[in-house]
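S.K.:
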Amino acid sequence: MSTGPHAFANADPSLAQQVAALWRAQAVAERAMRLGRHPFGALLLAPDHETVLAEQGNIDTVNHAEATLARTVASHQPPELLWNCTLVTTFEPCAMCAATAYWANIGRIVYGASEEALLGLTGSHPENPTLSLPSRELFARGQKPVRVFGPVADAALQDALLAPHRHFWSGG
């Protein structure tokens with residue numbers, strides 16, 4: 001077991017815990033969509049991988065669910081706690097969101113669907129100009145070993161995550 005400020009004090013979330021949390025994040029995304037916002041949702045799991053400490057839907061093109069959540073929890077929770085928490089998000093975090101989670105000291109990321117899958121749905125939509133920078137590549141450039149899980153392989157979950165985006169970005 002490694003020691004130091006970036007050693008994990010707990011085991012990683014199980015696949016069942018990841019899937020359950022992603023379903024809850026999807027409910028947050030659907031709520032955001034009902035409010036007229038982009039259908040993305042994120043939540044922060046406590047070190048027990050069961051307790052939800054915060055949840056956030058997308059606000060707008062600049063205030064993504066993940067970045068907004070990370071900034072909020074970083075101002076209210078100690079970095080030592082956040083290192084052992086997990087940011088769960090419906091889609092792979094973009095470069096902005098991954099970097100914000102990194103600076104907030106969140107130690108794990110679980111995402112449901114990949115940025116490539118999102119690009120396939122949004123195309124060149126001006127409200128979602130994706131960057132071709134996978135979160136694992138961004139984290140690999142950092143000094144902290146952020147652990148990334150995703151895309152989570154669960155067919156029913158994948159269908160649920162993609163469904164609202166099929167209609168949202170086409171305007172239908």
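In the UniProt record's numbering, the protein residues as written are 1 to 172.
Backbone N, C-alpha and C define an ideal beta-carbon position, used for all residues, glycine too.
The structure displayed is predicted, hence computed values, not measured ones.
Straight-line CA distance for Leu44 to Val146?
M.R.: Rounded to the nearest angstrom, the two C-alpha atoms are 15 Å apart.
S.K.: Answer with buried or exposed for Asn58, where buried requires no fewer than 16 other C-beta atoms within 10 angstroms of its C-beta.
M.R.: buried
S.K.: Would DSSP call Leu45 helix, strand or coil?
M.R.: strand
S.K.: By Cβ distance below 6 Å, which residues in the same chain neighbour Met1 in space, the five residues on each side in sequence not counted?
M.R.: Low confidence applies here, because Met1 scores a pLDDT of 45, under 50, leaving its location unreliable and the question unanswered by this model.
S.K.: Considering only the alpha carbon of each residue, which of Gly142, Asp159, Leu138, Trp23 lies closest to Thr89?
M.R.: Trp23
S.K.: Of the choices Ala16, Arg71, Thr86, Ala163, whose alpha-carbon is the least far from that of Val52?
M.R.: Thr86
S.K.: Enumerate in chain order the residues of its own chain whose CB-to-CB distance from Ser135 is below 7 Å, with the five nearest sequence positions on each side excluded.
M.R.: Glu92, Pro93, Ala98, Ile109, Val148
S.K.: Please state whether the Cβ-Cβ distance between Leu121 and Leu69 is less than 8 Å.
M.R.: no
S.K.: Quick one: residues in its chain with C-beta nearer than 6 Å to the C-beta of Phe168, no 5 flanking neighbours on either side, listed in chain order?
M.R.: Pro39
S.K.: Locate the alpha helix (DSSP H) running through Leu131, then write down its first and last residues.
M.R.: Neither: Leu131 is in no alpha helix (DSSP H) and is coded neither H nor E.
S.K.: Taking the straight line between their C-alpha atoms, what separation do you get for Gly36 and Gln18?
M.R.: 27 Å
S.K.: Going by DSSP, name the residue or residues bridged to Ala113.
M.R.: Phe91
S.K.: Count the other C-beta atoms from every protein chain shown that fall within 10 angstroms of the C-beta of Gln143, then say buried if there are 16 or more, exposed otherwise.
M.R.: exposed
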